[in-house]
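These protein sequence lines map, in sequence, to chains A and B.
Position in the first sequence (first residue = 1) + 130 = this note's numbering.
Position in the second sequence (first residue = 1) + 4 = this note's numbering.
Virtual Cβ for every residue (Gly too), placed ideally from N, Cα, C.
In this text the structure is predicted, and so the values were computed from the model without any measurement.
Remarks on the structure that follows.
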Amino acid sequence: DGGITQSPKYLFRKEGQNVTLSCEQNLNHDAMYWYRQDPGQGLRLIYYSQIVNDFQKGDIAEGYSVSREKKESFPLTVTSAQKNPTAFYLCASSYSSMNTEAFFGQGTRLTVV
Amino acid sequence: QKEVEQDPGPLSVPEGAIVSLNCTYSNSAFQYFMWYRQYSRKGPELLMYTYSSGNKEDGRFTAQVDKSSKYISLFIRDSQPSDSATYLCAMSGDFGTGTSLTVIP
Numbered sequence: 131d132g133g134i135t136q137s138p139k140y141l142f143r144k145e146g147q148n149v150t151l152s153c154e155q156n157l158n159h160d161a162m163y164w165y166r167q168d169p170g171q172g173l174r175l176i177y178y179s180q181i182v183n184d185f186q187k188g189d190i191a192e193g194y195s196v197s198r199e200k201k202e203s204f205p206l207t208v209t210s211a212q213k214n215p216t217a218f219y220l221c222a223s224s225y226s227s228m229n230t231e232a233f234f235g236q237g238t239r240l241t242v243v
Numbered sequence: 005q006k007e008v009e010q011d012p013g014p015l016s017v018p019e020g021a022i023v024s025l026n027c028t029y030s031n032s033a034f035q036y037f038m039w040y041r042q043y044s045r046k047g048p049e050l051l052m053y054t055y056s057s058g059n060k061e062d063g064r065f066t067a068q069v070d071k072s073s074k075y076i077s078l079f080i081r082d083s084q085p086s087d088s089a090t091y092l093c094a095m096s097g098d099f100g101t102g103t104s105l106t107v108i109p
């Protein structure tokens with residue numbers, strides 16, 4: 131089945147640690163995105179990539195890093211510099227840009243303990 | 005100020021009611037308008053996709069775009085308990101905050 135897979139579903143992190151969230155798609159989409167979702171704030175764009183080996187900062191990139199070494203994969207690292215990392219993280223992909231249909235993963239719930 | 009504004013609700017209606025969900029936007033350059041449905045603890049899924057002003061119907065769902073007023077709507081007819089979810093409007097990658105809908109049996 132084609133789709134977009136995020137792992138893990140739940141993740142716990144101690145303060146001061148970096149963690150990496152996985153996002154893989156087999157839809158042959160060029161564009162991939164990371165969003166953060168907090169209650170009452172909707173989806174906020176962290177990073178996006180429109181092509182392999184290229185990515186751009188979104189609205190809230192501070193404290194996060196990404197890589198796009200393969201078309202299928204777009205991992206997100208939440209660094210210790212992110213002051214409030216507890217949130218629901220969503221990865222999405224689309225054929226070209228966000229003007230086309232976006233497919234979302236099922237999300238990763240990150241909790242800092 | 006956010007470019008896309010959406011009333012977060014929550015909205016609670018009886019089964020069978022007609023539901024109206026709305027968003028306003030400020031960027032007149034937006035051309036693509038989408039509605040996503042998100043069930044609790046899941047990723048959003050695309051419900052409706054429209055380009056330009058007018059109406060688009062798909063089963064019990066109708067999406068309406070009024071570019072002159074910078075206003076979009078999603079109507080749900082004969083609402084069902086399975087429609088209980090958060091509905092997010094999106095325009096060219098900018099998302100509203102989502103409206104939480106509960107349909108009571």
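Restricting to Cα atoms, I'd like to know which of A:T238, A:C221 and A:V243 is closest to Q155 (chain A). Here residue 155 (chain A) corresponds to residue number 25 of the first sequence, with the count starting at 1. Checking every option, the nearest Cα to that of Q155 (chain A) belongs to A:C221.
Short CB-CB distance (under 8 Å) between G235 (chain A) and chain B: For this step, residue 235 (chain A) is matched to residue 105 along the first sequence. Closer than 8 Å: yes.
Cβ-based burial, G146 (chain A) [other Cβ within 10 Å; buried from 16]: As a position in the first sequence, residue 146 (chain A) is number 16, starting the count at 1. It is exposed - the Cβ of G146 (chain A) has fewer than 16 other Cβ atoms within 10 Å.
Within 8 Å, strictly: CB atoms of G20 (chain B) and D62 (chain B): Within the second sequence, the letter at position 16 stands for residue 20 (chain B). Within the second sequence, the letter at position 58 stands for residue 62 (chain B). No, these two residues do not count as a Cβ contact at 8 Å.
Assigned exposure category for V69 (chain B) - 16 Cβ within 10 Å defines buried: Here residue 69 (chain B) refers to the residue found at position 65 when the second sequence is read from its first residue. Label assigned to V69 (chain B): buried.
G170 (chain A) CB to nearest chain B CB: under 8 Å? Along the first sequence, read from residue 1 onward, the residue named residue 170 (chain A) stands at position 40. Yes, contact with chain B.
Would you tell me roughly how many angstroms separate the C-alpha atoms of E9 (chain B) and L51 (chain B), rounded to the nearest one? Stepping through the second sequence from its first residue, residue 9 (chain B) is reached at position 5. Stepping through the second sequence from its first residue, residue 51 (chain B) is reached at position 47. Looking at the two C-alpha atoms, the distance is approximately 19 Å.
Against chain A: residues of the stretch 32-60 of chain B by CB proximity under 9 Å: Q35, Y36, M38, Y40, Q42, R45, K46, G47, P48, E49, L50, Y53 and Y55
Please tell me whether Y178 (chain A) and Q167 (chain A) are closer than 8 Å, where the distance is taken between their beta carbons. Within the first sequence, residue 178 (chain A) is the residue found at index 48, counting from 1. Within the first sequence, residue 167 (chain A) is the residue found at index 37, counting from 1. Their beta carbons are not under 8 Å apart, which means Y178 (chain A) does not touch Q167 (chain A) by this criterion.
Within chain A, partners of G100 (chain B) - CB distance below 7 Å: Taking the first residue of the second sequence as position 1, residue 100 (chain B) is located at position 96. Within 7 Å Cβ-Cβ: G172.
For D87 (chain B), name the three-state secondary structure that DSSP assigns. Stepping through the second sequence from its first residue, residue 87 (chain B) is reached at position 83. Helix at D87 (chain B).
Cβ-Cβ distance between A94 (chain B) and M38 (chain B) below 8 Å: Position 90 of the second sequence, counting from 1, holds the residue named residue 94 (chain B). Position 34 of the second sequence, counting from 1, holds the residue named residue 38 (chain B). Yes, the Cβ-Cβ distance between A94 (chain B) and M38 (chain B) is below 8 Å.
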